[in-house]
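Asks:
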Amino acid sequence: MLNQRPYITLKHAISLDGKIATSIGESKWITSKEARIDVHKDRSLHDSILVGINTVLADNPSLTIRHIHTDKQPIRLILDTNLKTPLTSKVITDGLSETWIFVSNKVDKISIKKFEYFDKIKIFQLKSSQVELENVLDILHKKEIRSVYVEGGAQINDSFLQAGLIDEVNTYIAPMLIGGKNSPTSFQGKGINYLKDVFQLELKSVRQIGKDIKIISQKEGQVCSQES
Ligand SMILES: NC(=O)c1ccc[n+]([C@@H]2O[C@H](COP(=O)([O-])OP(=O)(O)OC[C@H]3O[C@@H](n4cnc5c(N)ncnc54)[C@H](OP(=O)(O)O)[C@@H]3O)[C@@H](O)[C@H]2O)c1
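Numbering (numbering that gives the first Met the number 0), first residue to last: 0 to 227.
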């Protein structure tokens with residue numbers, strides 16, 4: 000159990016039917032430009048942005064603040080058990096911000112060495128065969144990272160849910176229907192069996208941004224917020 004850890008905001012962009020991508024994995028773009036600019040504002044309120052390796056492989060995201068002025072870019076965090084992050088991906092080559100990749104003890108030193116040629120890239124090799132969130136958050140706390148903006152995808156979101164490691168959820172809902180049983184929803188994994196055990200949140204605000212809706216919810220009893 001972690002006593003001290005960064006504040007965790009989980010952001011997801013979904014269709015009206017709760018999908019985060021189509022059945023073939025397309026997710027650019029579900030929400031409007033206005034909503035995406037709002038995401039960039041929220042990125043600027045956080046010390047770091049976290050995604051899973053599948054999101055890097057599917058979208059090759061920049062994970063930087065672009066549409067608004069900022070003095071500082073958040074650190075990009077990738078959870079990547081087997082170090083599959085391509086050396087050609089934007090988070091490695093663009094040099095716009097630091098990228099920290101968390102890998103398991105299964106990764107060999109030669110593979111890690113290949114990343115040393117790049118500026119601003121750090122590989123954190125954990126002692127375990129899986130990249131456990133508690134270990135990642137413990138390292139982040141020790142490195143004085145006080146907030147994490149989790150941008151998915153579905154498996155990463157589910158890990159945060161299963162561990163109860165969510166302080167705030169920012170949901171952007173686009174007025175579109177994607178459908179399809181193979182189109183992913185925001186949380187893919189075991190889920191929670193009984194309603195008495197579900198992760199309870201309190202609604203903090205609902206507003207329209209462009210053609211989309213933004214809902215901010217916080218974990219029940221949460222007092223502080225990243226939202227200014
Ligand atoms: N609409 C949105 O808001 C949004 C946001 C982000 C992504 N997406 C979409 O979501 C899709 C990708 O989502 P995804 O669910 O397939 O993958 P993901 O959540 O991006 O990445 C999951 C992978 O991360 C690795 N991982 C390492 N440590 C983990 C941990 N503690 N918990 C969970 N995963 C861990 C695992 O792979 P290894 O075992 O290989 O390390 C796992 O398979 C893409 O289509 C993307 O476009 C949509």
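Yeah, the Cβ is synthetic: ideal placement off N, Cα and C, and Gly gets one too.
By how many angstroms is the C-alpha of residue 62 removed from the C-alpha of residue 20?
Replies: Residue 20 and residue 62: Cα-Cα distance of roughly 18 Å.
Asks: With 16 as the cutoff for other CB atoms within 10 Å, does residue 148 come out buried or exposed?
Replies: By the neighbour-count rule (16 or more Cβ atoms within 10 Å), residue 148 is buried.
Asks: In the DSSP assignment, the beta strand (DSSP E) including residue 169 goes from what residue to what residue?
Replies: 167-173 is the extent of the beta strand (DSSP E) around residue 169.
Asks: I need the DSSP call for residue 1, collapsed to helix, strand or coil.
Replies: DSSP places residue 1 in coil when its eight states are reduced to three.
Asks: Skipping 5 residues on each side, what residues in its chain have a beta carbon closer than 6 Å to that of residue 155?
Replies: So the qualifying residues of the chain are 51.
Asks: Less than 6 Å between the CB of residue 163 and some heavy atom of ligand 1, yes or no?
Replies: Outside the cutoff, so no.
Asks: Using DSSP with H/G/I as helix, E/B as strand and the rest coil, what is residue 8?
Replies: Reduced to three states, the DSSP call for residue 8 is strand.
Asks: At the level of alpha carbons, what is the spacing between residue 3 and residue 133?
Replies: Spanning the two alpha carbons is a distance of roughly 10 Å.
Asks: Determine the direct distance from the alpha carbon of residue 67 to that of residue 214, and round the result to whole angstroms.
Replies: Taking the straight line joining both Cα atoms gives about 21 Å.
Asks: Alpha carbon to alpha carbon, how far is residue 90 from residue 58? Give it in angstroms, no decimals.
Replies: Approximately 11 Å, taken between the alpha carbons.
Asks: Could you give the uninterrupted runs of the beta strand (DSSP E) lying entirely in the stretch 25-104, keeping only those of 3 residues or more?
Replies: The qualifying runs are 47-51, 74-78 and 98-102.
Asks: Hey, how far is the Cα of residue 64 from the Cα of residue 208?
Replies: Their Cα atoms are separated by approximately 18 Å.
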